[in-house]
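Numbered according to this note's numbering, the sequence shown spans residues 5 to 237. What follows is a set of notes on a single structure, which appears directly below.
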Amino acid sequence: MPSQVHLPAWTAVRNASVFASLSVHASPSHSKKKSCIHVIFLPREDESTQSEDDDGVGDSLIAWTFPNTLSQPTKDLILRAVNKAHLLRTNILVLQCLLSDLRSRNAALSEHTYRRKWRNPWPSKVQDAYDTYKKDDHLWRDLRNRFEKHCSTYRNVRPVSRLLIERLCITLDLGDAAVRTSRGRLQFLDKYLCAFAKYRQVGTHIHEGSKALRSAEHAMTEMTLMLNLLSVP
């Protein structure tokens, strides 16, 4: 009987190698029909999100070989996941820089120095940008809830199972949505930092953008864990 592997509902970013250099190539197989897929995750020290008290677990080269027994749609999904992880890494790093800048700009203001730039109603360009990221925010929250429900409903999933593939697909969508809403919210603040009625609202929106960004990081972690379960040593 195939072994069952427990996937946690939500894995802390520091417990897995989040930012990794990923590469994929197909190598020749003894069989003429199919090729193995090798996926290499090489963590980069300059992109680590580990805290000072982390033990450095996961800082070594990890290589996985995906067997020929996988169906072509599953192999295609694996390649999509690796490419998505590449893109997520790039987007997360860019958004982390923007988040840091916004926090600094917000810290330079106070309740006494903050001045609202626009009264209601906002100019159409401001309102449109706000409406867009709020719509993306709802989609991200729905996907996050769907992911958490899947994890709680199917606490034990088998490697290379339908449920694992299903969860990986949800995670890919979640990563996209998390980046999109974080980018929309943070870029809105970058352009229209003083659009809100009260100073404390700026901090609230920065915090919400940070939450979405952390969700994208978690999605990368989950992708890494699930790719591991789809592999053989």
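Positions of the beta carbon are idealized from the N, C-alpha and C atoms, including for glycine. The structure displayed is predicted, hence computed values, not measured ones.
In the displayed model, residue 98 falls within a helix according to three-state DSSP. Boundaries of the alpha helix (DSSP H) harbouring residue 185: 166 to 195, taken from the DSSP string.
By a beta-carbon distance limit of 8 Å, residue 134 does not contact residue 203. Their separation comes to about 18 Å. Between residue 193 and residue 209, the C-beta spacing is below 7 Å. When C-beta atoms of the stretch 170 to 179 are compared with those of the stretch 80 to 97, three or more pairs fall below 8 Å, so the two segments count as touching. For residue 155, the enclosing alpha helix (DSSP H) begins and ends at 128 to 157.
The beta carbons of residue 103 and residue 214 sit closer together than 7 Å. Its chain contains 217 as the residues whose beta carbon lies nearer than 8 Å to that of residue 100, once the 5 sequence neighbours on both sides are disregarded; these appear in chain order.
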